[in-house]
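When the letters of the sequence shown are read in order and numbered with the working numbering, they come out as residues 3 to 668.
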Amino acid sequence: MAEPLSMDQAFIRKLKEIILANTHNENFGAEEIAKEAGMSRVSLHRRLKKITNKDISQFIREVRLVKAMELLRNNEGTVAEVAFMVGFGSATYFTRCFHEYFGFPPGEVRRRASDESLRNQPDEQALISSQDKEKKVEQGSVKIVKSLHHKNMIICSLGILLGLLFIYFLYVLIANDIGKKANHSEKSIVVLPFKNLSNDTENQYFADGIMEDILNHLFRISELRVISRTTAEHFRENQITSPEIAKMLDVNYVLEGSVLRSENKVRIFVQLIDARNDQHILSEKYEGNMTNIFELQSDIAKKVSNTLEAALSREEIGQLEKMPTNSPQAYDYYLKARFLVNKANDAQRFDISREGLMSSIQYYEKAIAADDRFEEAYAGMADAWYNLSAWGWYQPYFEGIRKARDFSSKALEIDTACSEALAVKGACLLYPERRFEEARRELLKSIRLNPNFSVAHQWYAQLLMITGPIEEARVHMDRVLELEPYFWMAHNLNSWICYFERKNDKGIDACLTGRDLNQYSLDNDWLFVIHYVKLGDGENAARELKDIISRYLKTDEYENEISDAYKKSGIRGLFTWLIDLNIRKPVPLEGMNGNHFYIAWWYAILGDKNQSVFWLKKASESQYKPYHYFDLITTNPDFDFLRDDPVFIMVLDEAGLLPYNKGKAK
3 MAEPLSMDQA
13 FIRKLKEIIL
23 ANTHNENFGA
33 EEIAKEAGMS
43 RVSLHRRLKK
53 ITNKDISQFI
63 REVRLVKAME
73 LLRNNEGTVA
83 EVAFMVGFGS
93 ATYFTRCFHE
103 YFGFPPGEVR
113 RRASDESLRN
123 QPDEQALISS
133 QDKEKKVEQG
143 SVKIVKSLHH
153 KNMIICSLGI
163 LLGLLFIYFL
173 YVLIANDIGK
183 KANHSEKSIV
193 VLPFKNLSND
203 TENQYFADGI
213 MEDILNHLFR
223 ISELRVISRT
233 TAEHFRENQI
243 TSPEIAKMLD
253 VNYVLEGSVL
263 RSENKVRIFV
273 QLIDARNDQH
283 ILSEKYEGNM
293 TNIFELQSDI
303 AKKVSNTLEA
313 ALSREEIGQL
323 EKMPTNSPQA
333 YDYYLKARFL
343 VNKANDAQRF
353 DISREGLMSS
363 IQYYEKAIAA
373 DDRFEEAYAG
383 MADAWYNLSA
393 WGWYQPYFEG
403 IRKARDFSSK
413 ALEIDTACSE
423 ALAVKGACLL
433 YPERRFEEAR
443 RELLKSIRLN
453 PNFSVAHQWY
463 AQLLMITGPI
473 EEARVHMDRV
483 LELEPYFWMA
493 HNLNSWICYF
503 ERKNDKGIDA
513 CLTGRDLNQY
523 SLDNDWLFVI
533 HYVKLGDGEN
543 AARELKDIIS
553 RYLKTDEYEN
563 EISDAYKKSG
573 IRGLFTWLID
583 LNIRKPVPLE
593 GMNGNHFYIA
603 WWYAILGDKN
613 QSVFWLKKAS
623 ESQYKPYHYF
633 DLITTNPDFD
643 FLRDDPVFIM
653 VLDEAGLLPY
663 NKGKAK
């Protein structure tokens, strides 16, 4: 009698069945499988990553490949036919993926059909394991040993080999043990959403606010690594245990809590869990009222810090003990405003809504009316106005940015150490004001005051993508990924930095994760194109280009043109087509809308120096420039061959970018 499947195996089998039922559809991806599985993309991504250590796209691809192996072994079509049967739009891409997964090209399957190693196809357990290839190698090695057991010379050789393997595995074991001990000693923590114990469900905003203020206190302790609120939010309604959550987020400690509010009285319960050992190391109750709520929050943060033996500097103690407002009413309005801001975002921080932000502003205004010295309310207003403008929901744009600057300045007049206000001020100085050195100073101040503030790290990484060095941008980007692993934009920016580092394989991986979390990012789609180009994978670049047009313009009008251009001249043909489209018949889409900068960029990718600098000069003279791409010419490797060109230098100088032209012409 067969053993029953584990929950993980049953889940993987269900996903496999869904994928296999849709193998004919090459566009069947993360969004579609999540819908059929009855889950959100984020929940599916999280659970699949936990079980298999693979993202959704990788898992779908591997299920398709296993099915392809079965079809090829049964001689049910040519390599190209099978590629399309299992949902690969490109036979070349299929061949590459197949070779990477199985260790040999698909054309060799029939010749190897008698090989015993092909008879056992990966099952649910193999797909669950993140070490599939290593297991196959190990199984193959055992069979070889058995077949050659009678030969003394081989036995001798194996004896030597086993001795070397023993030494190697002993080294790995010791290294892993040292690594685990180092990792286990890290003071890393996630604060899960607090439960509302009140009978009034509308008091959830208060429980959330208490949790977030305690979280913000912990953020400011430099010896702690604290996961962001938006990442912790993924686990609000989840039944996953604290040790499992800690493992998924790679942290050692979990802080759980609940809040009971009755009129003016407040009771807070907290428990700190050593997740690696599943032990409660702190469990306490704090009671007070709205007049001493900040003292309670400070006491909890200090207790957690002391329990984890995280030293506090004098400056950090001052921040923890600070009283933001003396008005309970102002604080209540502030919590409602922040609750609306958080609610305006979905689990991926993507579907942020104009209505939620505008509603939050009304409560921030009430908080300020109740206490005009409440700097955190001013900082919240600044952030809300910046987001409204940055997402294009408030016009005129510059008026919204001015409001953001004014409110951040007001907050800093009250407290020069308000890290949130410093970050917003730095973001405004970065874009649209492009005062890069001033932006650098404000963002670095914000990070110093709050080393776990992911938004400040993100904006600073974006600044470094302009000014360099890219190595430093990488450090801050990695910090963002640690703090916000489920934020699609973080993976998008990570892919950009990979592009500048010329690590295009890793860039594709970042794009895939970003697409799993948000499938409608044009910027991410373009990154697929240019990464594939750098990898010499023209078929996939062409496929992504077609997909951009069909998805955003809702037309297949240009599909044949792209195919013909690639068939005739390869990758060069794709960019010749893009340039012609921009010049002769632009369409309303970034990269294709006729902007002079995009023409210059596509010529740069082709290596055409004269045409690239010609169009760059025209771009610099035009009223509208896509600064989010234009300013990156200082570090974008596509422009490295122009570094010493007089016209290029003139363009940089006129744009205020010359001090950052640190690359060398090649």
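Built from N, CA and C at the ideal position, the CB exists for glycine as well.
Its Cα nearest to that of ARG450, the residue ILE223 stands out among PRO471, ASP334 and ILE223. From the listed residues MET292, ILE319 and ASN294, the smallest Cα separation to LYS305 is found for ILE319. Of the candidates TRP579, ALA277, HIS236 and GLY402, ALA277 places its Cα closest to the Cα of LYS249. In the same chain as GLN206, and ignoring 5 residues on each side of it, the C-beta atoms closer than 7 Å to its own belong to ASN198, in chain order. If only complete runs of 4 or more residues are kept, the stretch 370 to 442 shows the alpha helix (DSSP H) at 377 to 392, 399 to 416 and 421 to 432, in order along the chain. Residue environment for LEU342: buried (at least 16 other C-beta atoms within 10 angstroms of its C-beta). Sixteen is the threshold: since fewer than 16 other Cβ atoms of the shown chains lie within 10 Å of the Cβ of SER8, the residue is exposed. Within the same chain, CYS430 come within 6 Å of ARG407 by CB-CB distance, once the 5 residues on both sides are set aside. By the 16-neighbour rule on beta-carbons within 10 angstroms, LEU432 is buried. Taking C-alpha positions only, LYS619 is separated from THR309 by approximately 60 Å. In the DSSP assignment, HIS459 falls within the alpha helix (DSSP H) that extends over 456 to 469. A direct Cα-to-Cα measurement between ILE62 and PHE502 gives close to 28 Å. With at least 16 other beta carbons inside 10 angstroms of its own, TYR288 counts as buried. Separation of ALA392 and SER552 (C-alpha to C-alpha, rounded to the nearest whole angstrom) is 26 Å. In the three-state reduction of the DSSP assignment, ARG227 falls in the strand class, which pools E and B. Within the DSSP secondary-structure output, ASP276 pairs in a beta bridge with TYR255 and GLN281.
If you draw a straight line from the Cα of HIS47 to the Cα of TYR488, it is about 9 Å long. The stretch 415 to 430 and the stretch 443 to 459 touch, with no fewer than 3 CB-CB distances between them shorter than 8 Å. In this model, LEU483 and LEU22 are separated by some 32 Å (Cα to Cα).
In terms of Cα proximity to ASN76, the closest of LYS51, GLY105, ILE53 and ARG114 is ARG114. In the DSSP assignment, VAL193 falls within the beta strand (DSSP E) that extends over 190 to 193. Looking at GLY394, PRO398 and ALA379, the one whose alpha-carbon comes closest to that of LYS412 is ALA379.
The stretch 17 to 33 makes contact with the stretch 62 to 73, as at least three CB pairs between them are under 8 Å. About 5 Å separates the Cβ atoms of TRP617 and HIS598, confirming a contact at the 8 Å cut-off. Take GLU214, set aside five residues on each side of it, and the residues of its chain with a beta-carbon closer than 6 Å to its own are ARG231, in chain order. In this structure, the alpha-carbon of ASP527 lies about 22 Å from that of ASP480.
Each residue's CA atom was taken as its position, placing THR54 and GLY40 some 19 Å apart.
In the structure shown, VAL88 falls within a coil segment according to DSSP collapsed to helix, strand and coil.
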